[in-house]
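Participant:
In this note's numbering, the protein residues as written are 111 to 394.
(1) Looking only at its chain, what residues have a beta carbon closer than 8 angstroms to the beta carbon of residue 158, apart from the 5 residues adjacent to it on each side?
(2) So the beta strand (DSSP E) residue 312 belongs to, where does it begin and stop?
(3) In whole angstroms, what is the alpha-carbon distance linking residue 124 and residue 114?
(4) For residue 182, which three-state DSSP category applies?
(5) DSSP three-state label for residue 160, please.
(6) Provide the residue span of the alpha helix (DSSP H) that contains residue 328, from first to last.
(7) Starting from residue 247, trace the alpha helix (DSSP H) both ways and give me its first and last residue.
(8) Can you look up residue 209 in the DSSP assignment and give me helix, strand or coil?
(9) From residue 295 to residue 229, what does the alpha carbon distance come to, in whole angstroms?
(10) Quick check on residue 218: does DSSP put it in helix, strand or coil?
(11) Mind checking which residues open and close the alpha helix (DSSP H) that includes residue 293?
(12) Can you pull the DSSP bridge partners for residue 134?
(13) Grouping DSSP H, G and I as helix and E and B as strand, with all else coil, what is residue 380?
(14) Determine whether the beta carbon atoms of residue 375 and residue 310 lie at a separation below 9 angstroms.
(15) What residue does the alpha helix (DSSP H) around residue 350 start on, and which one ends it?
(16) Quick check: residue 262 and residue 391, are their CB atoms within less than 9 angstroms of each other?
(17) Do you know how far the Cα of residue 179 is from the Cα of residue 365?
(18) Measuring alpha carbon to alpha carbon, tell me which residue in 313, 301, 351 is nearest residue 285.
(19) Counting Cβ pairs, one atom from each stretch, are 3 or more of them under 8 angstroms apart for the segment 300-310 and the segment 191-211?
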């Protein structure tokens, strides 16, 4: 089936109906598609008969001074990637089509949306959940696929679906990394060569922490990761740490010494003008 591009709600309804019978999987994106996004699309195809990809740089999830205006927009390349991956529909609405000018209601991410990443980006997860719920209502998918790299976002979307009885199955996809270990991100293109050398400390720190998971408790895991990050703080350019946390994947609160089961070792830092996040799931 040829790729159909829908730019508004009416076009989306028509394109969705043309897909025919079968399960529909949605892969929400902000465009600037890379191999990580392609892996989400491939996973979506394993769970459904048709794949819809949304391309929308959501203004609600950017705070003051963040990179909304310079966020990479590569729509023609995104369409080529979707065609190559067998996507049936690309939904690429404008902000005016997604949001009423006098909108009043948003989704609240609650307490879980105000910790860790949410503490550094107030309101960010409210904007994420609002646009995701709108996309669910517009596309009406059976399943939606999100990357584990945004672990707190994935956890909050799962919580929203559970709390609001949204009839969509959520599938988490493993983080895709470049050969040097850097987690794939649309923001990686902002990194200079020197920035990138410093940024590699993020994945090194996670590996150092993960290596202690079988022999150390939470404090030992964090100490191993922190040592790598502290060394990178002396690089040129330096790594400026926002947070390092070993979090409960269900609440994103810090795990206690008696925690057993999965935990998320998550980190965020700025290198030059670029802010990056990364995480790894451990078993304690």
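Here a beta-carbon is modelled for each residue, glycine too, at the ideal position from N, C-alpha and C.
Facilitator: By the coordinates alone:
(1) Closer than 8 angstroms at Cβ, skipping near neighbours: 132, 133, 134, 135, 251, 252, 253.
(2) It is not in any beta strand (DSSP E) - residue 312 instead sits in the alpha helix (DSSP H) that spans 303-320.
(3) 10 angstroms
(4) coil
(5) strand
(6) 328-342
(7) 234-249
(8) coil
(9) 21 angstroms
(10) coil
(11) Segment: none, residue 293 is in no alpha helix (DSSP H) and carries neither H nor E.
(12) 160
(13) strand
(14) no
(15) It is not in any alpha helix (DSSP H) - residue 350 instead sits in the beta strand (DSSP E) that spans 349-357.
(16) no
(17) 37 angstroms
(18) 313
(19) no
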